[in-house]
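Reading through the structure tokens given below for one structure.
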Amino acid sequence: MTDAANFTRDDMVRKVAALLETAESLAEQGNDEAAQSYVEKAHALQQKYSIDQAMIAERTGVKTEQIISKVIKMNGKWGKRKVALAHVIAHATHCTGYYTTGHNTKMGPGLVEVRDWDGPKVYFYNIFGFESDVNHVEYLIESLSRQLDVSLEHAQVNKPVWEHGRSFNASFCLGFTGTIGSRLREASRQAQKESSGDSLTGIQSVALVLVSKKAQVEQEMKAQVGSLRKGTGSTATSGSGYGAGRAAGSRATIARGSVGGSSRGSLGR
84 MTDAANFTRD DMVRKVAALL ETAESLAEQG NDEAAQSYVE KAHALQQKYS IDQAMIAERT
144 GVKTEQIISK VIKMNGKWGK RKVALAHVIA HATHCTGYYT TGHNTKMGPG LVEVRDWDGP
204 KVYFYNIFGF ESDVNHVEYL IESLSRQLDV SLEHAQVNKP VWEHGRSFNA SFCLGFTGTI
264 GSRLREASRQ AQKESSGDSL TGIQSVALVL VSKKAQVEQE MKAQVGSLRK GTGSTATSGS
324 GYGAGRAAGS RATIARGSVG GSSRGSLGR
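What follows is the structure in structure tokens.
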């Protein structure tokens, strides 16, 4: 990578960090609407940088970034639901991935760490993508995972008495995930529009480059991992839970603030 490219990337990171810092400050004050605006600007800026780098690589034949992978633990409750959120974030950022399950460790006889097979199952999301995209996805997963926990906890207080708690929680997570996915995709579309110059030729060129970029990422994952079984989907079983999750997702602020797998699966796009 050239010094110029390094400068461009560093400049982008600083600008994104500044936007997210403002978003965090506004979110702490309870001004979710204003925070959303700064968050979406930050995501669109990162995506525009990513698209521009892909266009440069297409023109010159020289890649400025390599495809990497990272494993993110789904912290807190609702790990199974959070892998769906992670997958939505990844695909909105030109990445892909799959989930694995495992168990935490505990101290066994002789003070030796052993797998806690009696403990709850732990979920991990394995991200594949170009470096700056993967780093962005990692951050968004961690931030939105925490926000999902907080939002669901608040929503449970107002859960209708006739709603089954488990169904409400599952539907809330689906609603939250759906709204976040829509917001991120819209920010990505805005970035594509700006990178294309809003011309038909430009739009087509950007679209082709992004298709090629995503194909490279998926090919790399397949080369490293092989075939993946399809994960099971979820359906909304509680109307009020789904609606509450959608509302919480629309208020969410996407702000900065040893893996043992016993099974693995992909999720639908």
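Each residue of the sequence shown is one higher than the one before, starting from 84 at the first, in the numbering used here. Backbone N, C-alpha and C define an ideal beta-carbon position, used for all residues, glycine too.
| Query | Result |
| --- | --- |
| Host beta strand (DSSP E) of residue 146 (start-end) | It is not in any beta strand (DSSP E) - residue 146 carries neither H nor E in the DSSP assignment. |
| Distance between residue 175 and residue 222 (C-alpha atoms, nearest Å) | 14 Å |
| Coarse secondary structure for residue 153, derived from DSSP in three states | strand |
| Beta-bridge partners of residue 179, as assigned by DSSP | 211 |
| The stretch 133 to 153 contacting the stretch 287 to 304, beta-carbon criterion three pairs below 8 Å | yes |
| Segment contact flag, the stretch 253 to 267 with the stretch 229 to 245, C-beta cutoff 8 Å, min 3 pairs | yes |
| C-alpha distance - residue 122 paired with residue 104, whole-angstrom precision | 9 Å |
| Residue 311 - containing alpha helix (DSSP H), residue span | Premise fails: residue 311 is in no alpha helix (DSSP H) and is neither H nor E. |
| Counted within 10 angstroms of its Cβ, other Cβ atoms place residue 266 as buried (16 or more) or exposed | buried |
| Contacting residues, own chain, Cβ-Cβ under 6 Å from residue 162 (five flanking each side not counted) | 206 |
| Residues of its chain near residue 171, where Cβ-Cβ distance is below 7 Å and the 5 sequence neighbours each way are ignored | 260, 263 and 264 |
| Alpha-carbon to alpha-carbon, residue 181 and residue 99 | 27 Å |
| Cβ-based burial, residue 305 [other Cβ within 10 Å; buried from 16] | exposed |
| Distance between beta carbons of residue 274 and residue 136, contact taken as under 8 Å | So it is not a contact: roughly 12 Å between Cβ atoms. |
| Top-ranked residue by Cα proximity to residue 296, from 157, 178, 158 and 132 | 178 |
| Straight-line gap, residue 203 to residue 186 (C-alpha atoms, nearest Å) | 7 Å |
| Burial state of residue 271 (16 or more Cβ within 10 Å) | buried |
| Outcome for residue 159 when other beta-carbon atoms lying within 10 angstroms are tallied against a minimum of 16 | exposed |
| 8 Å Cβ cutoff met for residue 151 and residue 214 | yes |
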